[in-house]
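K.L.:
Have a look at the structure that comes next, please.
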Amino acid sequence: MASYLAKRLIMMIPVLLGITIISFAVMKMAPGDPTSLLTDLNPNINEEAVKRIRAHYGLDEPWHVQYLKWLRSMLMLDFGRSFASDSRPVIDKIMERIPVTLMLNILSMILTIGVAIPIGVMSAVKQNSLADKGTTVFVFLGFAMPTFWLALLLMILFGVKLDWLPISGLRSLNYADLSLPARALDVAKHLILPVFVAAFGGLAGMSRYMRSNMLEVIRQDYITTARAKGLDERTVIYRHAFRNALLPVITLLGLSVPGLIGGSVIFETIFAIPGMGQLFYQSVMMRDYPTIMGVLVIGAVLTLLGNLLADVSYALADPRIRVSD
Amino acid sequence: MAALYSDFWARLFKNKLAVAGLAVVVALFFVAVFAHSFAPYPPDLIDTSQVLEAPSKQHFLGTDILGRDVLSRMIHGAGVSLSVGFVAVGISTFIAVILGALAGYYGGVVERIVMRFVDIMLCFPSFFLILAVIAFIGPSIYNIMIVIGVTSWMGVTRLVRAEFLSLKERDFVQAAIAQGASDLRVIFIHCLPNAMAPVLVAATLGVAHAVLVESSLSFLGIGVQPPDPSWGNMLTEGKDNIEIAWWLSVFPGLAILITVMGYNLLGEGIRDTLDPRLRR
Chain R
247 MASYLAKRLI
257 MMIPVLLGIT
267 IISFAVMKMA
277 PGDPTSLLTD
287 LNPNINEEAV
297 KRIRAHYGLD
307 EPWHVQYLKW
317 LRSMLMLDFG
327 RSFASDSRPV
337 IDKIMERIPV
347 TLMLNILSMI
357 LTIGVAIPIG
367 VMSAVKQNSL
377 ADKGTTVFVF
387 LGFAMPTFWL
397 ALLLMILFGV
407 KLDWLPISGL
417 RSLNYADLSL
427 PARALDVAKH
437 LILPVFVAAF
447 GGLAGMSRYM
457 RSNMLEVIRQ
467 DYITTARAKG
477 LDERTVIYRH
487 AFRNALLPVI
497 TLLGLSVPGL
507 IGGSVIFETI
517 FAIPGMGQLF
527 YQSVMMRDYP
537 TIMGVLVIGA
547 VLTLLGNLLA
557 DVSYALADPR
567 IRVSD
Chain E
-13 MAALYSDFWA
-3 RLFKNKLAVA
7 GLAVVVALFF
17 VAVFAHSFAP
27 YPPDLIDTSQ
37 VLEAPSKQHF
47 LGTDILGRDV
57 LSRMIHGAGV
67 SLSVGFVAVG
77 ISTFIAVILG
87 ALAGYYGGVV
97 ERIVMRFVDI
107 MLCFPSFFLI
117 LAVIAFIGPS
127 IYNIMIVIGV
137 TSWMGVTRLV
147 RAEFLSLKER
157 DFVQAAIAQG
167 ASDLRVIFIH
177 CLPNAMAPVL
187 VAATLGVAHA
197 VLVESSLSFL
207 GIGVQPPDPS
217 WGNMLTEGKD
227 NIEIAWWLSV
237 FPGLAILITV
247 MGYNLLGEGI
257 RDTLDPRLRR
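Here the protein sequences line up with chains R and E, keeping their order. Here the first sequence stands for residues 247 to 571, where the numbers follow my numbering. Here the second sequence stands for residues -13 to 266, where the numbers follow my numbering.
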C-alpha cells in the first residue's frame, strides 16, 4: 500500500506543474497587462513611470523568468494581495471561504449517495418495472435540468409562495440573539435548499451509474452460484451483488469533485453563501486578478486531492488494484 | 460506410424517445432560423404601459420589466443558444479529433503528452477555468463560444484515441500502411470515418452541455450581454423579480430544459442505433 501511495504522489508532480502552466497561460491571455489598470486612464503618467511600474511587477522580464518567479510564490502559497478595496492577502481570503464550500459539497455528496444508491439498486433489481421506468424519466430530467433554474423554482415555491425556508445567506439577521439549538436550526434551514440543489445534478448520474453497475454484477457467475446454492434473494442482492457494485462508485465520487467545486459558483451566488464559489464570482466581476488566479489554482489542487483520495480509497477497498499496479 | 448505415434512419425511427428528441431538435432549428416570422413582437420592443404583465391573450408568456414580450424574446434567444452550442461543439470536436487521432495513431511520446494534457485539463473545475478566461478576455457571445469549446474537448479526445488504438491494428488499416499510404491518408481516409460514430454521439450530447453552460454563464451576467436575448440572461431578470413575476423565471428555464433534453435523447438514440452493444 505504501508503495502504491508513493507512486500516486510522484505521478501528481507533473500534473501539478501542468496546472500551474495552464493557469499562467490563462493569466497571460489578458489584453494589456495588470498595470494597464493603473496607467491607461491616468493622465499624469509618462513613459518613464509606466516602465518603472512594469519593472516593479517584473513584467519586463522574459515570460519563462516570470513563470518561474510566479511558480515560486505559488509554492509558498503567496498569491499576492487582492485588488479589492480590502487589499488583504489572497490566501487568507480563500482559506476563510474553503470550509463553507467543503461543508456544502460534503453534505450534498452524502445526500447524493444516500438517495442515488438505493434508487439505483432498486431500479436494477426490479428492471423494467414501473418504478424503474419512473427513475429513467427522472434521470433524463436530472441531466437536462439547469441547476440555477431549479434553484429559482425552489426559491419561488418554498421561499416566496409558501414562505417556509430562507432563500439567501447562511444565517438569519437575528442569529446573534438566538440560543445554541436555535442557531443550529437556523443554519440547517438555510442549508436545505442549497444542499438539495447542489446534490440534484449528481443524483441522476449516480443513480444511473449504480443501476448499470448492479445490472452488470447480477449477470456474473458468482451471483448465479450464490443463487444455486440456495441463498435467499436478499442475501444474494445485498451481500454478494451490492458490495461489488458499490466499488466503482468510489471512482465516480472522485470524478465528481471538479463538477461540485465548479458548480459552487452557481449555487453560492444564487443563495448568497459566502464560500469559495461566491468569492470567485465576485473577483471575476471586479477583475480582481490575484484572487482569480488563487482560486483557479487552489480549485484545481483540491480536485487533484479529491481524485487522490478516491484512488486511495479504491485501493484500500479493492486489493486487486494495489497488487496489480 | 454508407452501406453500413443505410438503415440508420429506419432504426432511429423505431426508437420513440430518439424521435421525440429529433422532433425537438428540428423544431428548435426552424424556430431559431425563422425567429422573425414566429415571434409575435420584435424582441426589443419596449412598451412601458405593459410592464411585468402576467401571461395573457396579448402576451402568451407575459412581459418583462421593460414591457417586452417574453415569448418573442425566448424565440430570438433560441438562435443565440443554439449558435453557441454548435460553434462550441465544432471547436471542441475539432480539437478532440486532431489530438485523439495523433495520440492513438502515433502512440509513444505523442500519446503520453496528449493524454497527460487531458489529465491536467480535467483537474480544473471547468466552470472555474471558463470564468477565469472570461474575466481576462471579457464577456461576449464569441468569447463564450471559444471558451466553452476549448474547455470541453477532453472526453472526446479519450474516445477518439481509444478508437484509433484499435483501428490501427485492423487488417484494412495495416493493408493501407503496407501499400505505402501516407500517415495523413491513413488517419483521415481510413481510420477517421470509422471512428466517427462515437464522435457524432458525443457531439450531439455536447450541444446539450454547451447550451447548459452558456445559459449558466448568461445567468451569472458573464455570458450573452443584454439587450441581446438569451434564455440565461432572461432568467437573471426572473431572479431580480422573483417575488412578483414568476413567469419570468419559469418559461425561459423550461426552454433550456426542453432543448437540453431533446439533444440528450437524440444523442442517446443515435448511440443505440449505431452500436446496439452499447445499449444499457
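We put the beta carbon where it would ideally sit given N, CA and C, even for glycine.
Using the beta-carbon of each residue, which ones in chain R are nearer than 9 Å to F268 (chain E)?
P.N.:
Past the edges of chain E, shown from -13 to 266, lies residue 268 (chain E), and the structure says nothing about it.
K.L.:
Answer yes or no: do P184 (chain E) and E149 (chain E) have a C-beta to C-beta separation smaller than 9 Å?
P.N.:
Yes. Within cutoff.
K.L.:
Using the Cβ count rule (16 or more neighbours within 10 Å means buried), how would you classify R573 (chain R)?
P.N.:
Only positions 247 to 571 of chain R appear in this structure, which leaves residue 573 (chain R) out of reach.
K.L.:
Enumerated in chain order, which unbroken segments of the alpha helix (DSSP H) with a length of 4 residues or greater are wholly contained in the segment -3 to 82 of chain E?
P.N.:
Fully enclosed alpha helix (DSSP H) runs of 4 or longer: 2 to 19, 21 to 24.
K.L.:
I'd like the list of long-range same chain contacts for P504 (chain R), defined as Cβ closer than 7 Å, with 5 residues on each side in sequence excluded.
P.N.:
The residues are T549.
K.L.:
Can you tell which of R:I359, R:I544, R:F526, R:V558 has its C-alpha closest to the C-alpha of A444 (chain R)?
P.N.:
Comparing Cα positions, the closest option is R:I359.
K.L.:
Three-state secondary structure (DSSP) at P213 (chain E)?
P.N.:
In the structure shown, P213 (chain E) sits in coil (DSSP, three-state: anything other than H, G, I, E or B).
K.L.:
Unbroken beta strand (DSSP E) runs of length 3 or more, entirely within the segment 301 to 387 of chain R: which are they?
P.N.:
If we require 3 residues or more, the segment 301 to 387 of chain R turns out to have no beta strand (DSSP E) run fully inside it.
K.L.:
Can you name the start and end residues of the alpha helix (DSSP H) that L399 (chain R) belongs to?
P.N.:
Per DSSP, L399 (chain R) belongs to the alpha helix (DSSP H) from 393 to 400.
K.L.:
Determine the burial state of R318 (chain R): buried for a count of at least 16 other Cβ atoms within 10 Å of its Cβ, exposed for fewer.
P.N.:
Classification of R318 (chain R): exposed, given that the 10 Å Cβ count is below 16.
K.L.:
Tell me the DSSP secondary structure of I208 (chain E) in three-state form.
P.N.:
Three-state result, I208 (chain E): coil.
K.L.:
Give a yes or no on whether 9 Å exceeds the smallest Cβ distance from G405 (chain R) to chain E.
P.N.:
By this cut-off, G405 (chain R) is an interface position.
K.L.:
Going along chain E, which residues have a C-beta under 8 Å from S565 (chain R)?
P.N.:
Here the sequence assigns Pro to residue 565 (chain R), which means Ser is not the residue at that position. The contacting residues do not exist; P565 (chain R) stays about 25 Å from chain E at best.
K.L.:
Kindly examine the ligand MN and report whether one of its heavy atoms sits closer than 8 Å to the Cβ of A4 (chain E).
P.N.:
In terms of ligand content, the structure shown is empty, and the ligand MN therefore cannot be addressed.
K.L.:
According to the neighbour-count rule (16 or more other Cβ atoms, all chains shown, within 10 Å of its Cβ), is I365 (chain R) buried or exposed?
P.N.:
By the 10 Å Cβ count, I365 (chain R) comes out buried.
K.L.:
Distance cutoff 9 Å, beta carbons only. Does R327 (chain R) sit that close to anything in chain E?
P.N.:
R327 (chain R) does not count as touching chain E.
K.L.:
Closer than 6 Å by C-beta to D33 (chain E): which residues in its own chain qualify, once you throw out the five before and the five after it? Chain order, please.
P.N.:
Counting only Cβ-Cβ distances below 6 Å, and skipping sequence neighbours, we find G53.
K.L.:
Applying a beta-carbon distance threshold of less than 9 Å, which residues of chain E neighbour I259 (chain R)?
P.N.:
Within 9 Å Cβ-Cβ: nothing; I259 (chain R) doesn't reach chain E, min ~12 Å.
K.L.:
For a contact defined as C-beta to C-beta under 7 Å, what are the partners of G224 (chain E) on chain R?
P.N.:
By Cβ distance, chain R contributes L398.
K.L.:
Can you tell me whether I572 (chain R) is buried or exposed? The criterion is at least 16 other CB atoms within 10 Å of its CB, across all chains shown.
P.N.:
Nothing can be reported for residue 572 (chain R), as the shown portion of chain R is limited to 247 through 571.
K.L.:
Would a check of beta-carbon distances place N250 (chain E) closer than 9 Å to chain R?
P.N.:
Chain R contact via Cβ: present.
K.L.:
Between the Cα of W316 (chain R) and those of R:I352, R:I268, R:N292, R:I340, spot the shortest distance and give me the residue it belongs to.
P.N.:
Measuring from the Cα of W316 (chain R), the nearest candidate turns out to be R:I268.
K.L.:
Since I believe F205 (chain E) is in contact with N227 (chain E) (beta carbons under 8 Å), could you give me their beta-carbon distance rounded to a whole number of angstroms?
P.N.:
With a Cβ gap of about 14 Å, N227 (chain E) and F205 (chain E) do not count as contacting.
K.L.:
Does V272 (chain R) get closer than 9 Å to chain E when you measure Cβ to Cβ?
P.N.:
V272 (chain R) counts as touching chain E.
K.L.:
Interface residues of chain E around Y455 (chain R) at Cβ under 7 Å?
P.N.:
In chain order: nothing, as chain E lies at least about 10 Å away.
K.L.:
Take the Cβ of K339 (chain R) as the centre, count every other Cβ of all protein chains shown within 10 Å, and call the residue buried at 16 or more, exposed below.
P.N.:
Counting Cβ neighbours within 10 Å, K339 (chain R) comes out buried, since at least 16 surround it.
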